[in-house]
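Here the structure is laid out as structure tokens; the discussion comes afterwards.
In the numbering used here, the protein residues as written are 0 to 145.
Okay, structure coming up:
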């Protein structure tokens, strides 16, 4: 038997979340004098309406020469700051890293042979139309007993 896990995420929501993560990471990195590593937890603690963060994002817009209204939603501002292809590429890389971690966990902790396990992310085209919660779809391919 082979088990195939396919990762599904709401692509648009994931892109927006990843852009926000990148902006928060950049802001926090700029605030750390010792160039410490910014963790995901650090970015979660930073509020989107933090005055310094909002000013930082506005500075990023100005540096890019982007013309976005001051009262525009943060999502719109971040789309003007970050190149869509770059964000998508970075997100896919992160999703692949998650797949590797799940694979390592299942092979090392649950003793599932790596040859019997495949973990992947749905294609970007498929993810464009998916708007459900993040999940892994499980497919089991049983051997033929002829």
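Beta carbons are placed, not taken as given, at the ideal position from N, Cα and C, and that holds for glycine. Keep in mind the model is a prediction, meaning the values are calculated, not measured.
Look at the Cβ atom of residue 7, then the Cβ atom of residue 131, and state whether they are nearer than 9 Å.
Your numbering for residue 7 matches position 8 in the chain shown. Your numbering for residue 131 matches position 132 in the chain shown. Their beta carbons are under 9 Å apart, which means residue 7 touches residue 131 by this criterion.
Considering only the beta carbon of each residue, do residue 91 and residue 123 sit closer than 9 Å?
Looking up residue 91 in the chain shown gives position 92. Looking up residue 123 in the chain shown gives position 124. Against a cut-off of 9 Å, the Cβ pair of residue 123 and residue 91 comes out as a contact.
Per DSSP, what kind of secondary structure is residue 46 in: helix, strand or coil?
Position 47 of the chain shown holds residue 46. Reduced to three states, the DSSP call for residue 46 is coil.
In or out: residue 118 buried (at least 16 other Cβ within 10 Å) or exposed?
Here residue 118 is taken as the residue at index 119 of the chain shown, counted from 1. Its Cβ being crowded by 16 or more others within 10 Å, residue 118 is buried.
Where do the N-terminal and C-terminal ends of the alpha helix (DSSP H) with residue 120 fall, by residue?
Within the chain shown, numbered from 1, the residue matching residue 120 stands at position 121. Careful: residue 120 lies outside any alpha helix (DSSP H), inside the beta strand (DSSP E) at 116 to 120.
Anyone know if the C-beta pair for residue 22 and residue 77 falls short of 9 Å?
Counted from its first residue, the chain shown places residue 22 at position 23. Counted from its first residue, the chain shown places residue 77 at position 78. A contact, by the Cβ cut-off of 9 Å.
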